[in-house]
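Novice:
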Amino acid sequence: MKQHPGGGEISDTEQENMLSLLGLYLHIPFCRSKCSYCDFYSMPCAERQEARKLMQSYTDALLLHMEDYAGAASHHAVDTVFIGGGTPTVLPVSMLRILLDQVDRCFNLTENAEITIEANPETVSRSSLRSLRRAGVNRLSMGLQSANDSELRLLGRIHDSNGFGAAFADARAAGIGNINIDLMYGIPGQTPESLRRTLEYAVALEPEHISLYGLKIEENTPFGRQREALEPYLPDEDTELEMYLDAIDFLASSGFIQYEISNFAREGYACRHNLKYWRCEEYLGLGPAAHSYLGGVRFAYTRNFSDYIKALEEPDKGVIILSERSRIDEDERAGEYIMLGLRLTEGVDMGSFAERFGFDFTAADNVRRKLHMYVENGFMTADAGRLALTPKGMFVSNYIISSLIPCDREEYAGLRSGTEL
Ligand code: SF4
């Protein structure tokens, strides 16, 4: 209990209400082995003894980093924690528990905080999941990607669908009542029928949340290096669109509400942490390659693992780990608000946008013309002052969104002064 400025005590709940909310992301850059398509910042850890040492040093560094932020974060209440990676559950449970204890010690965790951990089937057991549940984890995000074992092998995944099913059952038995399953479409050789079987398999497990991402061939990955060889097996754009639209229909008929381009949830189970990104709310990301948006500043930490550890263990050595830092001005914030808001099925409310940023971004003739065309052709809706992408529009969201955002400062200035009207 603290004192009210005018006397009397402030309850914990009142205190939480007075603090601004913050999402906390902890990056765990380890995986059992690297998947063929993955360009996330993570390293394979097969060598047990050596890996254990690295993980211990990394855990120690993260503990220090959280401690560094304890003062600054005292003005915030953390209502979501997301431990992502990599595969966080590659870390021994004892280390994960120490990290979770430190989160609790250094940050004002709200009573109903959503605490998610990402996991892969081969790195969890019923007892490890039970232990994580006891440590406060209340949401699990598990990578299935496909229920077709030959697709899994092609992706370089080290689990099979049976292993996934067993891990899912373990999570339920451990008392985790909110589980996400990650799936993928556009896998080489995948057909709409095979994706449908994967969706049926996932839905039959009765998760609360499903994410469905389109495979992208990234350059610095084994898939990127085999692009030419893979090309003939990749579903073409029409087939991918068919897969995406069929998945949306199937998931809707199975009770999953689409709330973002790639995310579907049962009522009340949208991921609160990820919603912060799309709603331009504040979050702090710790760990190499982790990004933050805090106090109007966007920043990220280095992708260099040893620099990260050295900077935290030996702060007087002057190792710089901030790799980006920029203050986001009103124009950029307005652009991000449109770009991220349109990813959500709720879209962007034009009235709220104008109130927040002081101009109507659809006032420019060229934007009005494009909007009209997108609506006419079924890519967008514009109802009751709210702009949103349709499922067909979501499939080509990058193109549509970038065509609507003002290109430069002059365009913003024109919109603000009304000369574009
Ligand atoms: S498990 Fe996830 S993070 Fe790790 S290599 Fe595979 S896709 Fe990347």
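Residue numbers (this note's numbering): 1 to 421. Where is the CB? At the ideal position from N, CA and C, for every residue including glycine.
With burial defined as no fewer than 16 other Cβ atoms inside 10 Å of the residue's Cβ, what is the status of R283: buried or exposed?
Specialist: Reading off the sequence, residue 283 comes out as Tyr, not Arg. Counting Cβ neighbours within 10 Å, Y283 comes out buried, since at least 16 surround it.
Novice: For S141 versus E118, is the C-beta spacing smaller than 8 Å?
Specialist: Cβ distance < 8 Å, so S141 and E118 count as in contact.
Novice: Assign I181 to one of two classes, buried (16 or more other C-beta atoms within 10 Å of its C-beta) or exposed (fewer than that).
Specialist: The residue in question, I181, is buried, as its Cβ has 16 or more Cβ neighbours within 10 Å.
Novice: Could you give the DSSP three-state label for P188: helix, strand or coil?
Specialist: Here P188 sits in coil by DSSP.
Novice: Would you mind working out which of P406, L342, T390, S326 sits nearest V363, comparing C-alpha positions?
Specialist: The residue asked about is misnamed: residue 363 is Ala in this sequence, not Val. Per the Cα distances, P406.
Novice: For E200, name the three-state secondary structure that DSSP assigns.
Specialist: Residue state, collapsed to three classes: helix.
Novice: For I405, does the three-state DSSP call read helix, strand or coil?
Specialist: In this structure, I405 counts as coil in the three-state DSSP scheme.
Novice: Go through its chain and collect everything with a Cβ distance to G189's Cβ below 6 Å, but skip five positions before and after it.
Specialist: Closer than 6 Å at Cβ, skipping near neighbours: Y233.
Novice: Helix, strand or coil: which one does DSSP assign to G414?
Specialist: It is helical.
Novice: Can you tell me which residues form a DSSP beta bridge with Y69?
Specialist: Paired residue(s): none; Y69 is not in a bridge.
Novice: Pick from T123, A300, H75, D60: whose alpha carbon is nearest that of L100?
Specialist: Nearest of T123, A300, H75, D60 to L100, Cα basis: D60.
Novice: Find out if the Cβ-Cβ distance for the pair I187, L155 is shorter than 8 Å.
Specialist: Cβ atoms of I187 and L155: closer than 8 Å.
Novice: Need the endpoints of the beta strand (DSSP E) that L22 sits in, please.
Specialist: Looking at the DSSP string, the run of the beta strand (DSSP E) that includes L22 is 20-28.
Novice: Pull the bridge partners of E118 from the DSSP assignment, please.
Specialist: In DSSP, E118 forms a bridge with S141.
Novice: How would you write the range of the beta strand (DSSP E) that D422 sits in, first residue to last?
Specialist: Past the edges of the chain, shown from 1 to 421, lies residue 422, and the structure says nothing about it.
Novice: What does the alpha-carbon distance come out to for the pair E208 and A247?
Specialist: Between E208 and A247, the C-alpha separation is close to 16 Å.
Novice: For P288 and R298, which I take to be in contact (beta-carbon distance under 8 Å), what is that distance rounded to the nearest angstrom?
Specialist: Actually they do not touch by this definition, with Cβ atoms about 17 Å apart.
Novice: Would you identify the three-state DSSP class for Q3, choosing helix, strand or coil?
Specialist: Its pLDDT being 44, under 50, Q3 is placed unreliably in this model, and the coordinates cannot settle the point.
Novice: Between the region 364-371 and the region 393-410, do three or more beta carbon pairs fall short of 8 Å?
Specialist: In short, these stretches touch, since the Cβ pair count reaches three.
Novice: Along the chain, where does the alpha helix (DSSP H) that runs through G224 open and close?
Specialist: 222-225 is the span of the alpha helix (DSSP H), which, as asked, contains G224.
Novice: Taking only three categories from DSSP, how would you classify T110?
Specialist: Looking at T110 - three-state DSSP - the assignment turns out to be strand.
Novice: In whole angstroms, what is the alpha-carbon distance linking S127 and S74?
Specialist: Rounded to the nearest angstrom, the two C-alpha atoms are 34 Å apart.
Novice: Under the three-state reduction of DSSP, which class applies to G214: helix, strand or coil?
Specialist: Strand, per DSSP.
Novice: Could you tell me whether any non-hydrogen atom of the ligand SF4 is closer than 7 Å to the CB of C31?
Specialist: Checking the Cβ of C31 against the ligand SF4 gives yes.
Novice: Grouping DSSP H, G and I as helix and E and B as strand, with all else coil, what is N178?
Specialist: In the structure shown, N178 sits in coil (DSSP, three-state: anything other than H, G, I, E or B).
Novice: Counting Cβ pairs closer than 8 Å, one from the region 189-201 and one from the region 231-245, do we hit at least three?
Specialist: Taking 8 Å as the limit for Cβ pairs, the verdict is that the region 231-245 does touch the region 189-201.
Novice: For G385, collect the residues of the same chain with a Cβ closer than 8 Å to its Cβ; drop the 5 residues on either side in sequence, then sort them by chain order.
Specialist: Once the five neighbours on either side are set aside, the close Cβ partners of G385 are D349, M350, G351.
Novice: Check the C-beta distance from F359 over to R416 and give it rounded, since I have them as a contact under 8 Å.
Specialist: That belief holds up - the Cβ atoms of F359 and R416 are roughly 5 Å apart, short of 8 Å.
Novice: Which word fits Q3, buried or exposed, when buried means at least 16 other C-beta atoms lie within 10 angstroms of its C-beta?
Specialist: Its pLDDT being 44, under 50, Q3 is placed unreliably in this model, and the value from its coordinates should be taken loosely. Per the 10 Å Cβ criterion, exposed.
Novice: Excluding five sequence neighbours on each side, which residues of the same chain lie with their C-beta closer than 6 Å to the C-beta of F82?
Specialist: Only Y25, T116, H273 meet the Cβ criterion.
Novice: Between E267 and W278, is the Cβ-Cβ spacing less than 8 Å?
Specialist: Cβ atoms of E267 and W278: not closer than 8 Å.
Novice: Is T87 near the ligand SF4 - that is, is its Cβ less than 7 Å away from at least one heavy atom of it?
Specialist: T87: yes, Cβ under 7 Å from the ligand SF4.
Novice: From E218 to N148, what does the alpha carbon distance come to, in whole angstroms?
Specialist: Roughly 22 Å between the two C-alpha positions.
Novice: By DSSP, does P44 sit in helix, in strand, or in coil?
Specialist: Three-state result, P44: strand.
Novice: Is G295 helix, strand or coil when you go by DSSP?
Specialist: DSSP places G295 in coil when its eight states are reduced to three.
Novice: Report back the beta-carbon spacing between V93 and L132 to the nearest angstrom; my notes put them in contact at under 8 Å.
Specialist: 6 Å between Cβ atoms; contact.
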